[in-house]
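> Following this message is one structure expressed as structure tokens.
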Amino acid sequence: MIKTTKKRFDIRITQANSTVSDTFELDKNIVRILGVLLTSDKDDLLYYRGAQKIEINKEEYFPDNYESKLLMTGINVSPKQRYYDLGGATTGNGRVQITYKDSDDGRTVFAPYRVSLYLDCELEDMK
Amino acid sequence: MMKESVIVTKLNIKLQGERKHFQIKLPSDIKSIIGMECSVRMIDAWPVPPAELPREIINPDGIVIVIMPEDDSLVAIKSKFKPSQFVGELRIQSYDLLNWFYVSDVFANDVNLNLCDVSDVFFRVKEHSHGIPKHEEIMTIPGITTLVQGWFLDAIGKQYNLNLRYEVSIYVWIKTED
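Protein chains in written order, with my numbering: chain A, 1 to 127; chain B, 1001 to 1178.
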């Protein structure tokens, strides 16, 4: 039986103008990723300063310098429509890599912040 | 199998009225361009437009009440509308038959997100908290050219008479054969 589940992975940005890379491993029974979403504990910093590369199963879905604001949504969007539709990316080895880059922006002052990557996943229920 | 991907190109603008020409290289297995998107990141401090003055109301008993522009719910909606910050003009040309296929005014942000939002007094409406998802402008530009070119013309620096440094990101969505 196919079910959907949401996964969250966090990275911390502690220095201005730095690049942080991390790889996360999905559960073995997750077969497809339907959508992605980015949020933060300081939304304004993520919105104005962030850019990232996202790879799933070593395949690049968003290239270097793809701005975080393009993967964010606000509270004016219905919860069912918040994820960026990937059209069902196959997970393969189950590894998701994010390479996040923080850059100065004239509208913000840096403070350490968290970036959360949410994945809308489809899993095969073994029961 | 067809595959969609995006190519990101960044332009650094430094001078007022600067026109920056650029070329974007596309992969050789391209089938078509399917979308365009652009955005702006300010490197210098964001220029502040002149502030709106508070409005004064004199009550029949002679008391003067000062209403700040952001709290002025009595002002008609249309007079609260403000133009978004115009940053510059972008044009992109293909070497194929379609020639100039993308012309766009680039805006910094949507300053009218709070229009008609009654919650704005308690939860200030900002792009990063109330914005809608951003999506590319969908188009179909067939052809096998592996190069597009264009230019970006600065407007914000010219408006404020300043050499503002900022970065314009151009996203070209393409379809290729996997």
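A virtual CB, placed ideally from N, CA and C, is assigned to each residue, including glycine. Since we're looking at a predicted model, the values are computed, not measured.
1. Does the segment 49 to 61 of chain A come close enough to the segment 1107 to 1127 of chain B to have 3 or more Cβ pairs within less than 8 Å?
2. Any beta carbon of chain B sitting closer than 8 Å to that of Pro-63 (chain A)?
3. Output the boundary residues of the beta strand (DSSP E) element that contains Glu-1177 (chain B).
4. Going by beta carbon distance, what residues of the same chain come within less than 6 Å of Ala-1108 (chain B), once the five residues before and after it are set aside?
5. Going along the chain, which residues of its own chain have a beta-carbon closer than 8 Å to the beta-carbon of Ser-21 (chain A), five neighbours each way excluded?
6. With a 10 Å radius around its C-beta and 16 neighbouring C-beta atoms as the bar for buried, classify Arg-8 (chain A) as buried or exposed.
7. Given that Ile-1043 (chain B) touches chain A, what residues does it touch there, using C-beta distances under 8 Å?
8. Taking only beta carbons into account, state which residues of the segment 1114 to 1137 of chain B come closer than 8 Å to chain A, listed in chain order.
9. Out of A:Lys-42, A:Ser-18, A:Glu-55 and A:Leu-37, state which residue places its alpha-carbon closest to the alpha-carbon of Phe-24 (chain A).
10. Give me the chain B residues within the contact set of Asp-120 (chain A), using Cβ-Cβ distance strictly less than 7 Å, ordered along the chain.
11. Is there contact between the segment 1117 to 1131 of chain B and the segment 68 to 84 of chain A, where contact requires at least three CB pairs shorter than 8 Å?
12. Quick one: measure Cβ to Cβ for Arg-32 (chain A) and Ala-89 (chain A), integer angstroms, because I've assumed they're closer than 8 Å.
13. Grouping DSSP H, G and I as helix and E and B as strand, with all else coil, what is Ile-1043 (chain B)?
14. If you run the structure through DSSP and keep just helix, strand and coil, what is Val-1118 (chain B)?
15. Between which two residues does the beta strand (DSSP E) containing Asp-22 (chain A) stretch?
16. On the premise that Met-1 (chain A) lies in contact with Asp-125 (chain A), defined as a C-beta separation below 8 Å, what is that separation, rounded to the nearest angstrom?
17. So Ser-1094 (chain B) is in the beta strand (DSSP E); what residue range does that whole segment cover?
18. Do you know offhand how far Glu-1137 (chain B)'s Cα is from Glu-1037 (chain B)'s?
19. Using a beta-carbon distance below 8 Å, is Met-1 (chain A) in contact with chain B?
20. Please list the residues of the segment 1007 to 1032 of chain B that have a C-beta atom closer than 8 Å to any C-beta atom in chain A, keeping them in chain order.
A quick look at the data gives this:
1. At 8 Å Cβ cutoff, the stretches do not touch.
2. At least one chain B Cβ lies under 8 Å of Pro-63 (chain A).
3. Looking at the DSSP string, the run of the beta strand (DSSP E) that includes Glu-1177 (chain B) is 1166 to 1177.
4. Counting only Cβ-Cβ distances below 6 Å, and skipping sequence neighbours, we find Val-1040, Gln-1085 and Val-1087.
5. The residues Gln-97, Ile-98, Thr-99 and Tyr-100, in chain order, have a CB closer than 8 Å to that of Ser-21 (chain A) in the same chain once the five nearest residues on each side in sequence are set aside.
6. Exposed is the call here.
7. Neighbours of Ile-1043 (chain B) in chain A, taken as residues at a C-beta separation under 8 Å, are given in chain order as Asp-104, Asp-105 and Gly-106.
8. The residues in question are Lys-1126, Glu-1127, His-1128, Ser-1129, His-1130, Gly-1131, Ile-1132, Pro-1133 and Lys-1134.
9. Closest by alpha carbon: A:Glu-55.
10. Residues of chain B with a Cβ closer than 7 Å to the Cβ of Asp-120 (chain A) do not exist, since the nearest Cβ in that chain sits about 14 Å away.
11. Short answer: they touch.
12. Yes, they are in contact, since the Cβ atoms of Arg-32 (chain A) and Ala-89 (chain A) sit about 6 Å apart, within 8 Å.
13. Looking at Ile-1043 (chain B) - three-state DSSP - the assignment turns out to be coil, as it is neither helix nor strand.
14. Correct three-state label for Val-1118 (chain B): helix.
15. First-last of the beta strand (DSSP E) with Asp-22 (chain A): 19 to 25.
16. Right, the Cβ-Cβ distance comes to about 4 Å (below 8 Å), so this counts as a contact.
17. For Ser-1094 (chain B), the uninterrupted beta strand (DSSP E) run begins and ends at 1086 to 1094, by DSSP.
18. Straight-line spacing of the CA atoms in Glu-1137 (chain B) and Glu-1037 (chain B) works out to 6 Å.
19. The beta carbon of Met-1 (chain A) sits no closer than 8 Å to any beta carbon of chain B.
20. Contact residues of the segment 1007 to 1032 of chain B toward chain A are Ile-1007, Val-1008 and Lys-1010 (C-beta to C-beta distance below 8 Å).
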